[in-house]
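Just below is one structure, and these are the notes that go with it.
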């Protein structure tokens, strides 16, 4: 599959240097089966977001654990569904094949069932405001991803510049709504035509939703949300362009960073 301009042709689903030396498969196994121990809380998060150690055998890493019971009710999303949406976003990212979302699982934990996601080390020297404003090519794939999952809250702080130079995307609890709710800081490519790689990705997603990916999402989203997802993919394929901001919904989340 051809790469976007300036982007490497292929890359690993997870760079070990960004996550304590773990590969994607090793991280998933640890997240699924390891013992989770809470070490702190990310107090700026709107829902209960716990910083944890996860260990099993000789492996140890850190993760973010968001229990369903700690989710704050929202007026436009069903209660108790945010963790499943986070996991659905990971599964769709895996279908794209470029590891935008860190390894993520749904599992039982110290406060019940929730989402557990591998902790990614961040390169604190990166100016994220400058990166977003410049329309860095690494964020273009995130912008396409957000258009597909209908991300209602893509803040700058939900982008993690890692030591390897990659940028990971996190916080996907308010996604996959049946109504168009795209709200993001990544409007740099609005109205621009998709390149060949992006068109191929959308074609692949369309086919996958009729197969294995659709079966995985069936346990995580409602049938109407899956139908809306398929319709978004079809619409993006037909239009061949990044979407424009809507007049019916705030285009940028607050605060943006």
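Residue numbers (the numbering used here): 94 to 350.
Even glycine gets a Cβ: it sits at the ideal position worked out from N, Cα and C.
It should be emphasised that the depicted structure is a prediction, and the values quoted were computed from it without experimental measurement.
Straight-line gap, residue i to residue j (C-alpha atoms, nearest Å)
{"i": "residue 137", "j": "residue 326", "result": "33 angstroms"}
{"i": "residue 121", "j": "residue 154", "result": "11 angstroms"}
{"i": "residue 131", "j": "residue 145", "result": "4 angstroms"}
{"i": "residue 341", "j": "residue 215", "result": "35 angstroms"}
{"i": "residue 177", "j": "residue 242", "result": "13 angstroms"}
{"i": "residue 89", "j": "residue 128", "result": "This structure does not reach residue 89, given that the chain is present from 94 up to 350, and the question cannot be answered."}
{"i": "residue 96", "j": "residue 297", "result": "Because residue 96 sits at a pLDDT of 41, beneath the cut-off of 50, its placement in the model cannot be relied upon, and the following sentence gives the value as read from the coordinates. So the two alpha carbons sit approximately 15 angstroms from each other."}
{"i": "residue 344", "j": "residue 245", "result": "9 angstroms"}
{"i": "residue 221", "j": "residue 335", "result": "22 angstroms"}
{"i": "residue 316", "j": "residue 304", "result": "14 angstroms"}
Pick from the options that is closest to residue i, judged by C-alpha positions
{"i": "residue 249", "options": "219, 270 and 241", "result": "219"}
{"i": "residue 228", "options": "279, 209, 336 and 292", "result": "279"}
{"i": "residue 106", "options": "112, 192 and 163", "result": "192"}
{"i": "residue 156", "options": "260, 134, 173 and 296", "result": "134"}
{"i": "residue 143", "options": "160, 201, 150 and 315", "result": "160"}
{"i": "residue 300", "options": "166, 321 and 188", "result": "188"}
{"i": "residue 223", "options": "212, 329 and 281", "result": "281"}
{"i": "residue 295", "options": "252, 234, 253 and 346", "result": "234"}
{"i": "residue 263", "options": "212, 151 and 217", "result": "212"}
{"i": "residue 348", "options": "291, 251, 328 and 168", "result": "251"}
{"i": "residue 196", "options": "316, 293, 311 and 108", "result": "108"}
Proximity of residue i and residue j at Cβ, strictly below 7 angstroms
{"i": "residue 337", "j": "residue 283", "result": "yes"}
{"i": "residue 268", "j": "residue 247", "result": "no"}
{"i": "residue 289", "j": "residue 111", "result": "no"}
{"i": "residue 158", "j": "residue 313", "result": "no"}
{"i": "residue 231", "j": "residue 194", "result": "no"}
{"i": "residue 206", "j": "residue 124", "result": "no"}
{"i": "residue 258", "j": "residue 318", "result": "no"}
{"i": "residue 126", "j": "residue 163", "result": "no"}
{"i": "residue 184", "j": "residue 274", "result": "no"}
{"i": "residue 323", "j": "residue 302", "result": "yes"}
{"i": "residue 182", "j": "residue 265", "result": "yes"}
{"i": "residue 186", "j": "residue 165", "result": "no"}
For residue i: DSSP bridge partner residues
{"i": "residue 345", "result": "According to DSSP, which records beta bridges pairwise, residue 345 is partnered with nothing at all."}
{"i": "residue 144", "result": "133 and 157"}
{"i": "residue 149", "result": "152"}
{"i": "residue 318", "result": "BP columns for residue 318 are empty, so no partner."}
{"i": "residue 108", "result": "Paired residue(s): none; residue 108 is not in a bridge."}
My parser needs the alpha helix (DSSP H) runs of 4 or more residues fully inside the segment 155-193; what are they? Runs of the alpha helix (DSSP H) inside the segment 155-193: 175-189.
Going residue by residue through the segment 196-261, where are the continuous alpha helix (DSSP H) segments of at least 4 residues, counting only ones entirely within it? Correct list: 221-227 and 230-242.
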